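Below: the structure, in C-alpha cells.
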Ligand SMILES: NC(=O)c1ccc[n+]([C@@H]2O[C@H](COP(=O)([O-])OP(=O)(O)OC[C@H]3O[C@@H](n4cnc5c(N)ncnc54)[C@H](O)[C@@H]3O)[C@@H](O)[C@H]2O)c1
C-alpha cells in the first residue's frame with residue numbers, strides 16, 4: 032500500500048523559488064508528482080526545479096495575463112498550490128493605501144488569478160486539489176500586521192467560498208495556516224539581532240511548543256491535502272501553528 036502518493040499527478044506550486052513553496056515542490060516531487068516550480072524569481076526558481084527534477088515556469092501571480100498564459104503552457108493540473116505571498120510590518124499609522132494594495136494584489140488577487148486560470152480545467156475533469164497558503168494571520172489578527180492580516184483573512188474566506196461553490200464537482204479547496212516558519216528570510220532577519228537566539232525564542236513564543244515550524248512541516252500538511260487520502264477534506268483551514276490559535 033502506498034499512502035500519500037502523487038504518482039501520475041501534475042502539481043504546480045507558486046512562490047516555489049524559496050521557503051515554504053520550495054519545500055512543497057520538493058516533497059510533491061518526492062511523492063511522485065510532475066512538479067512545476069512557478070515564481071517571478073527566475074534564478075532561484077530554476078535552481079529549485081533543477082534540484083528536484085521539476086520544471087520551471089516564470090510567473091507573476093499578480094498578472095492575470097501571466098496566469099492565463101501559464102495555464103496554456105502547463106495544461107490541466109491535479110494539484111494547484113498557491114503559495115506566493117508577501118508580507119508587510121505595520122499598523123494603520125504606518126501602512127499606506129499603496130501598501131495595502133500591493134499586498135492585496137499578490138496575496139489575494141494572485142490566488143484569484145491562478146484559480147481563474149487553472150480551476151476551470153479541474154472542474155471539467157471533476158477532480159483536483161487546490162491548496163492556498165494562508166497564515167495564522169488569516170484566523171487571528173497578528174500585531175503590527177494590518178495589511179497582511181487583512182489579506183490572509185481574505186485567502187481563508189476565498190478558499191471557503193470556492194469550496195462552497197464547487198466542491199460538489201469533486202474539486203477540493205483547502206488552505207493551510209502556518210504560524211512562524213523558519214524560512215531563509217526569517218533566519219536571515221534573526222541574524223541582524225544582537226542576540227539571534229533570544230530573538231528566535233521571542234518570535235517562537237507565540238507557539239505553544241516554543242519553536243518555529245520547518246518549511247518541510249508545512250509541506251507535509253500540503254502533501255496530505257494534495258493526496259487522495261484527504262478526499263473528504265474541503266473548505267478547511269488546516270492550522271500548522273504549534274497551537275498558536277488554540278488560545279492564550
Ligand atoms: N514564513 C512564515 O513564517 C509564514 C507564515 C505563515 C504564512 N506564510 C505564507 O507562506 C507563503 C510563503 O512564505 P515564505 O516565508 O516561504 O516566503 P518567501 O519570501 O521565502 O517565498 C515567497 C516566494 O514567493 C515569490 N513571489 C512573491 N511574489 C510573487 C509574485 N507576484 N508572483 C510569483 N511569485 C511571487 C517570491 O519570489 C518567493 O520565491 C506566503 O504566502 C506567506 O504569506 C509564511
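In this note's numbering, the protein residues as written are 32 to 279.
Just so it is clear, CB atoms sit at the ideal spot from N, CA and C, and this is done for glycine as well.
Values in this document were obtained by computation on a predicted structure and should not be read as measured data.
- Judged by their CB atoms, residue 54 and residue 260 are not nearer to each other than the 8 Å cut-off.
- A direct Cα-Cα distance of roughly 27 Å separates residue 113 from residue 231.
- Residue state for residue 202 is assigned as strand, using DSSP reduced to three classes.
- In the DSSP assignment, residue 138 falls within the alpha helix (DSSP H) that extends over 128-138.
- Proximity of the stretch 90-109 to the stretch 121-129 falls short of the contact definition, fewer than three beta-carbon pairs being nearer than 8 Å.
- Taking a C-beta distance under 8 Å as the contact criterion, residue 197 and residue 154 qualify as a contact pair.
- Per DSSP, the continuous alpha helix (DSSP H) segment holding residue 75 begins and ends at 73-83.
- Between the beta-carbon of residue 194 and that of residue 110 there is about 16 Å, and that puts the pair past the 8 Å contact cut.
- In this structure residue 220 is not in contact with residue 160, their Cβ atoms being roughly 32 Å apart against a cut-off of 8 Å.
- Here residue 240 is exposed, its C-beta having fewer than 16 other C-beta atoms within 10 Å.
- Judged by the Cβ position, residue 216 qualifies as a neighbour of ligand 1 at the 7 Å threshold, a heavy atom of the ligand being closer than this.
- In this structure, residue 72 has its beta carbon less than 7 Å from a heavy atom of ligand 1.
- Apart from the 5 residues on each side of it in sequence, residue 267 sits with its Cβ closer than 7 Å to the Cβ of 205 in its chain, given in chain order.
- Each of 207, 226, 168 was checked against the Cα of residue 254, and the nearest Cα belongs to 207.
- Per DSSP, residue 169 lies in no alpha helix (DSSP H) and is assigned neither H nor E.
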